[in-house]
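Engineer: Have a look at this one.
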Amino acid sequence: MKQNQEKSITDILTNMNTNVSPTERVVSATAGGALLAYGIKRGDTFGILLSIVGGGLALRGATGHCQVYDAMDIDKGEAPTNKRLANKKSATYQNGLLSGKVHVKKSLTINKSQAELYAFWRNFENLPKFMAHLESVKTTDGNKSHWVAKAPMGTTVEWDAEITSEQENERIGWKSLEGADIPNSGVVEFKPTTNRGTEVKVTLTYEAPGGALGAMFAKLFGEEPSQQVYGDLYRFKSLMESGEVISVEGQSSGREPQAKKAAA
Amino acid sequence: MKAVCWMGKEDVRVLNVPDPKILNERDAIIKITRTAICGSDLHLYNGYIPSMMQGDILGHEFMGEVVETGKGVSNLKQGDKVVVPFTIACGNCFFCQHEMYSVCDNSNPKPEGQETAYGFAGSGLFGFSHLMGGFAGGQAEYARVPFADVGPIKVPDSIEDEKVLFLSDIFPTGFMAAENCNIQEGDTVAIWGAGPVGQFATKSAFMLGAEKVILIDHYQDRLDFAKANNENVETINFDDTEVHDKLKDLTGGRGPDSCIDAVGLESHGTTPDAILDRVKAAVFLATDRPHALRQAIFCVRKGGTVSIPGAYGGFMDKFPIGAAFNKGLTFKMGQTHMQAYMPKLLAAVEEGKIDPSFVISHRLDLSEAPTAYDSFNNLKNDWRKVVLKP
Ligand SMILES: NC(=O)c1ccc[n+]([C@@H]2O[C@H](COP(=O)([O-])OP(=O)(O)OC[C@H]3O[C@@H](n4cnc5c(N)ncnc54)[C@H](O)[C@@H]3O)[C@@H](O)[C@H]2O)c1
Ligand SMILES: [Zn+2]
Ligand SMILES: [Zn+2]
Chain L
815 MKQNQEKSIT DILTNMNTNV SPTERVVSAT AGGALLAYGI KRGDTFGILL SIVGGGLALR
875 GATGHCQVYD AMDIDKGEAP TNKRLANKKS ATYQNGLLSG KVHVKKSLTI NKSQAELYAF
935 WRNFENLPKF MAHLESVKTT DGNKSHWVAK APMGTTVEWD AEITSEQENE RIGWKSLEGA
995 DIPNSGVVEF KPTTNRGTEV KVTLTYEAPG GALGAMFAKL FGEEPSQQVY GDLYRFKSLM
1055 ESGEVISVEG QSSGREPQAK KAAA
Chain D
191 MKAVCWMGKE DVRVLNVPDP KILNERDAII KITRTAICGS DLHLYNGYIP SMMQGDILGH
251 EFMGEVVETG KGVSNLKQGD KVVVPFTIAC GNCFFCQHEM YSVCDNSNPK PEGQETAYGF
311 AGSGLFGFSH LMGGFAGGQA EYARVPFADV GPIKVPDSIE DEKVLFLSDI FPTGFMAAEN
371 CNIQEGDTVA IWGAGPVGQF ATKSAFMLGA EKVILIDHYQ DRLDFAKANN ENVETINFDD
431 TEVHDKLKDL TGGRGPDSCI DAVGLESHGT TPDAILDRVK AAVFLATDRP HALRQAIFCV
491 RKGGTVSIPG AYGGFMDKFP IGAAFNKGLT FKMGQTHMQA YMPKLLAAVE EGKIDPSFVI
551 SHRLDLSEAP TAYDSFNNLK NDWRKVVLKP
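Those protein sequence lines, which keep their order, are chains L and D.
Using the numbering used here, read the first sequence as starting at 815 and increasing by one per residue.
Using the numbering used here, read the second sequence as starting at 191 and increasing by one per residue.
What follows is the structure in structure tokens.
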């Protein structure tokens, strides 16, 4: 990199080490600035992301340097061909809907013993306490259970599942039985650490159907099932560690319809 | 109840909003007796922190009386007088158990924002944008306090509110900033920013054994105030003095042993980098304006420490990594791990070692919040620290 002295913006732009192609830079700067502005204006969680990502894009446009490309070791500045990351999902998007096998794997470390975490999860009736899309799970006999998930417009989707493998304190595997609309299976593993609690790893597999059921699937599990699983695992962690899932739903704000200017 | 609501850039209003309710078992409701405006609130006021929503209730420095507790709170009862820390923390996670309360795993109900922006999410904070959890703040008549069995500290009824109010943020913040400098006998600490945080960092540096503090700002009254309140404070007004030369001058050519950035992301300055930062922030090409921080990194002695209590949110442009690397510097920073400091600093107040109310310059009614924000933002010489009474 050249000497980085304080000059004009153009000086700085031309002096910066670039790994982003010129067209991309203009696009980045403009799109980034717009995103940042729009994100700040929106102000909600999505807005934050927009504005922060926007800030990054704007910077990348201004400096010709992209941290993400750096991190991925992609250099488009000089390279004659565009490298692309291989898409590792076996599921594909068809008409915007996921179809095929969806594999989701997420891990979090939870500051509780392996035995406590295992015992809570092993009672499947506890699952709706942290799995957002579940309404209820009833144990029907030792290894079998009946699951009810929330579906759009107040309807539900139901299926039966059974435990397929189990190792006390370490691992629970389950699978939906024949006839489930959305065949699914899961494994949760609990691995102790030296002094950081227990590593919990969840692996879920769904047969995402195409067509109308696919739309249902998207509504149930979100456009991004991995986000949903992560959220569930996060809630499991909070519930186990702090005894509750902290919320700001229903708190007071100046957005309430009855909010009005206070008489001074 | 009345609450100070953020309605947009440089627009706060006192609105009638619904009273807060218990939402989680470990919540308490506090009737607020005193609340203050922080330099951090000005970052929101000036529109530098993304993810604010119109109508958000502001405020993270507050104290009051417990009026209701959830089922999970057994250590507090109605009528207890408490000071509430601005960081919300569960007390159970790995980070809380290692006294890193401001990076609690379980107190931010919207972690996905910070996970995307920062890789991992820090704790929830009161009244400080949806990135920090979107909690309603304490510039109001009442507030809901989550994890109330861990956060609020009980204070004796006999002690005046103003003496303990700043245990909610700026006293621990100044103290942690100084503690992060790992002060040794004979040390000189340079502090950028003579605002409330800089004033408490100054006092704390002396409490922790610093020999000399050099305070840098361009509000002469704020600098003079620190001089009047401490022995052995030197000041530099950066409007008329070259900071680096002067610091060398005052330290026998060595440079300060540690530097504290108590300014944060709205640094002022007239040097080319500061002007460029301002332009870039205005056209959204950068988010933070780190002029004071760059200067601190440049001025600190070899092997020294840069401690950063000043708040940052996004990207720092032109970080002088070469200076930091080749001088072998140590960096310490972050939102204050409040719960770790409150008991011992309350003890210091009770023992009469410090009276934190020294920093207050204005006392107003909660309903005068718009004037208070405007004045604290623009008339910094006179308006050093504002306390509001609901
Ligand atoms: N880490 C935390 O947990 C924490 C807690 C409280 C406050 N803060 C942050 O600390 C910072 C200071 O807070 P405050 O309440 O004292 O705010 P303040 O706005 O009253 O004070 C900031 C001072 O910095 C001065 N300043 C601006 N540019 C400067 C420069 N280039 N060199 C030297 N001084 C400069 C200003 O003139 C002002 O006096 C803010 O960024 C705030 O967000 C952090
Ligand atoms: Zn503050
Ligand atoms: Zn915690």
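C-beta atoms are modelled at their ideal positions from N, C-alpha and C, and glycine is treated no differently.
Could you round the C-beta distance between ASN420 of chain D and PHE396 of chain D to whole angstroms and report it? I think they count as a contact, below 8 Å.
Structural biologist: Counting from one through the second sequence, the residue named residue 420 of chain D turns up at place 230. Counting from one through the second sequence, the residue named residue 396 of chain D turns up at place 206. With a Cβ gap of about 6 Å, ASN420 of chain D and PHE396 of chain D count as contacting.
Engineer: So is LEU455 of chain D in contact with chain A if we call contact Cβ pairs under 7 Å?
Structural biologist: The structure shown contains no chain A; the protein chains it does contain are L and D.
Engineer: Going by DSSP, what residue range makes up the beta strand (DSSP E) through ARG203 of chain D?
Structural biologist: In the second sequence, the residue the question calls residue 203 of chain D occupies position 13. It spans 201-206 - the beta strand (DSSP E) in which ARG203 of chain D sits, taken as one unbroken run.
Engineer: According to DSSP, is LEU864 of chain L helix, strand or coil?
Structural biologist: Here residue 864 of chain L refers to the residue found at position 50 of the first sequence. Because LEU864 of chain L sits at a pLDDT of 48, beneath the cut-off of 50, its placement in the model cannot be relied upon, and the following sentence gives the value as read from the coordinates. If DSSP states are grouped into helix, strand and coil, LEU864 of chain L belongs with the helices.
Engineer: Taking the alpha carbon of PHE1039 of chain L as the point to measure from, which residue in L:TYR1020, L:PHE1050 and L:GLY1057 has its own alpha carbon closest?
Structural biologist: Numbered from its first residue, the first sequence carries residue 1039 of chain L at position 225. Going by the sequence as given, residue 1039 of chain L is Pro instead of Phe. Here the closest residue by C-alpha is L:TYR1020.
Engineer: I'd like the list of long-range same chain contacts for ASP270 of chain D, defined as Cβ closer than 6 Å, with 5 residues on each side in sequence excluded.
Structural biologist: As a working mapping, residue 270 of chain D is identified with position 80 in the second sequence. Result list for ASP270 of chain D: VAL256 and LYS344, in chain order.
Engineer: Evaluate HIS527 of chain D with the Cβ neighbour count: other Cβ atoms within 10 Å of its Cβ, from every protein chain shown; 16 or more gives buried, anything less gives exposed.
Structural biologist: As a position in the second sequence, residue 527 of chain D is number 337, starting the count at 1. So HIS527 of chain D ends up on the buried side.
Engineer: Is it the case that the Cβ atoms of GLN529 of chain D and PRO346 of chain D are separated by a distance below 7 Å?
Structural biologist: The residue labelled residue 529 of chain D in the question sits at position 339 within the second sequence. The residue labelled residue 346 of chain D in the question sits at position 156 within the second sequence. No. Outside cutoff.
Engineer: Flag ASN925 of chain L as yes when its Cβ comes closer than 6 Å to any non-hydrogen atom of ligand 3, and as no otherwise.
Structural biologist: Start at 1 with the first residue of the first sequence, and residue 925 of chain L comes out as number 111. Because no heavy atom of ligand 3 lies under 6 Å away, the Cβ of ASN925 of chain L does not count as near it: no.
Engineer: Can you give me the Cβ contacts of ASN214 of chain D inside the same chain, cut-off strictly under 7 Å, excluding the 5 residues immediately before and after it?
Structural biologist: One-based indexing of the second sequence puts residue 214 of chain D at position 24. Within the same chain, ASN214 of chain D has close Cβ partners GLY260 and PRO336.
Engineer: Hey, is SER999 of chain L close to ligand 2, as in C-beta under 6 Å from one of its heavy atoms?
Structural biologist: Here residue 999 of chain L refers to the residue found at position 185 when the first sequence is read from its first residue. No, ligand 2 has no heavy atom inside 6 Å of this Cβ.
Engineer: From the DSSP secondary-structure annotation, give me the bridge partner or partners of SER811 of chain L.
Structural biologist: Missing from the structure shown is residue 811 of chain L; chain L here goes from 815 to 1078 and no further.
Engineer: Within the 7 Å Cβ cut-off, does PRO299 of chain D reach chain L?
Structural biologist: Here residue 299 of chain D refers to the residue found at position 109 when the second sequence is read from its first residue. PRO299 of chain D counts as touching chain L.
Engineer: Is the CB of ILE977 of chain L under 7 Å away from at least one CB in chain D?
Structural biologist: Here residue 977 of chain L refers to the residue found at position 163 of the first sequence. It does not; no Cβ of chain D falls within 7 Å.
Engineer: What I want to know is whether the C-beta of GLN374 of chain D ends up closer than 6 Å to one or more non-hydrogen atoms of ligand 1.
Structural biologist: Start at 1 with the first residue of the second sequence, and residue 374 of chain D comes out as number 184. No, ligand 1 has no heavy atom inside 6 Å of this Cβ.
Engineer: Counting only beta-carbon atoms, is LEU205 of chain D nearer than 7 Å to chain L?
Structural biologist: Numbered from 1 along the second sequence, position 15 holds the residue referred to as residue 205 of chain D. It does: the Cβ of LEU205 of chain D has a partner Cβ on chain L nearer than 7 Å.
Engineer: Can you pull the chain D residues whose beta carbon is under 9 Å from the beta carbon of LYS1051 of chain L, in chain order?
Structural biologist: Indexing the first sequence from 1 puts residue 1051 of chain L at position 237. Simply CYS283, ASP295 and ASN296.
Engineer: Listed from N- to C-terminal order along the chain, which residues in the region 909-937 of chain L have their beta-carbon within a distance smaller than 7 Å of any beta-carbon of chain D?
Structural biologist: The region 909-937 of chain L vs chain D, Cβ under 7 Å: ASN925.
Engineer: Find out if the Cβ-Cβ distance for the pair SER1052 of chain L, VAL1059 of chain L is shorter than 7 Å.
Structural biologist: Within the first sequence, residue 1052 of chain L is the residue found at index 238, counting from 1. Within the first sequence, residue 1059 of chain L is the residue found at index 245, counting from 1. Their beta carbons are under 7 Å apart, which means SER1052 of chain L touches VAL1059 of chain L by this criterion.
Engineer: Can you tell me which residues fall inside 5 Å of ligand 2, judged by beta-carbon distance to its nearest heavy atom, and keep chain order?
Structural biologist: Cβ-based neighbours of ligand 2 within the cut-off: D:CYS228, D:SER230 and D:ASP359.
Engineer: Taking CB distances under 7 Å as the criterion, tell me whether GLU541 of chain D reaches chain L.
Structural biologist: By one-based count along the second sequence, residue 541 of chain D stands at place 351. Not an interface residue.
Engineer: Give the straight-line distance between the Cα atoms of LEU873 of chain L and GLN304 of chain D, rounded to the nearest whole angstrom.
Structural biologist: If you number the first sequence from 1, residue 873 of chain L lands on position 59. If you number the second sequence from 1, residue 304 of chain D lands on position 114. For LEU873 of chain L, the predicted model reports a pLDDT of 45, less than 50, meaning its position is unreliable and no value from the coordinates is stated.
Engineer: In terms of residues, what are the limits of the beta strand (DSSP E) holding LYS402 of chain D?
Structural biologist: As a working mapping, residue 402 of chain D is identified with position 212 in the second sequence. Counting along the chain, the beta strand (DSSP E) containing LYS402 of chain D begins and ends at 402-407.
Engineer: Pairs of beta-carbons, one from the region 510-522 of chain D and one from the region 317-337 of chain D, closer than 8 Å: are there three or more?
Structural biologist: The region 510-522 of chain D is not in contact with the region 317-337 of chain D.
Engineer: Can you list the residues of chain D that VAL1016 of chain L reaches, using a CB-CB cut of under 7 Å?
Structural biologist: Position 202 of the first sequence, counted from the start, is the residue given in the question as residue 1016 of chain L. None at all; the shortest Cβ gap to chain D is about 17 Å.
Engineer: Using 10 angstroms around the beta-carbon of MET967 of chain L, count the other beta-carbons present and answer buried if the total reaches 16, otherwise exposed.
Structural biologist: For this step, residue 967 of chain L is matched to residue 153 along the first sequence. Exposed.
Engineer: Taking the CB atoms as reference points, tell me whether ALA326 of chain D and SER1066 of chain L lie closer together than 7 Å.
Structural biologist: Locating residue 326 of chain D in the second sequence gives position 136, counting from the first residue. Locating residue 1066 of chain L in the first sequence gives position 252, counting from the first residue. Closer than 7 Å, so yes.
Engineer: Using a C-beta cutoff of 7 Å, does LEU357 of chain D count as contacting chain L?
Structural biologist: Here the question's residue 357 of chain D lines up with position 167 in the second sequence. Cβ-Cβ to chain L under 7 Å: no for LEU357 of chain D.
Engineer: Thinking PRO299 of chain D and VAL1062 of chain L are a contact (beta carbons under 8 Å), I'd like their distance in whole angstroms, please.
Structural biologist: The count along the second sequence starts at 1 and reaches residue 299 of chain D at position 109. The count along the first sequence starts at 1 and reaches residue 1062 of chain L at position 248. PRO299 of chain D to VAL1062 of chain L, Cβ: 5 Å. Contact.
Engineer: Using C-beta distances below 7 Å, list every residue in its chain close to GLU1055 of chain L, excluding the 5 sequence neighbours before and after it, in chain order.
Structural biologist: Here residue 1055 of chain L is taken as the residue at index 241 of the first sequence, counted from 1. These residues qualify, in order along the chain: ILE924, ASN925 and LYS926.
Engineer: What separation, rounded to the nearest whole angstrom, lies between the Cα atoms of PHE505 of chain D and SER979 of chain L?
Structural biologist: Here the question's residue 505 of chain D lines up with position 315 in the second sequence. Here the question's residue 979 of chain L lines up with position 165 in the first sequence. Taking the straight line joining both Cα atoms gives about 48 Å.
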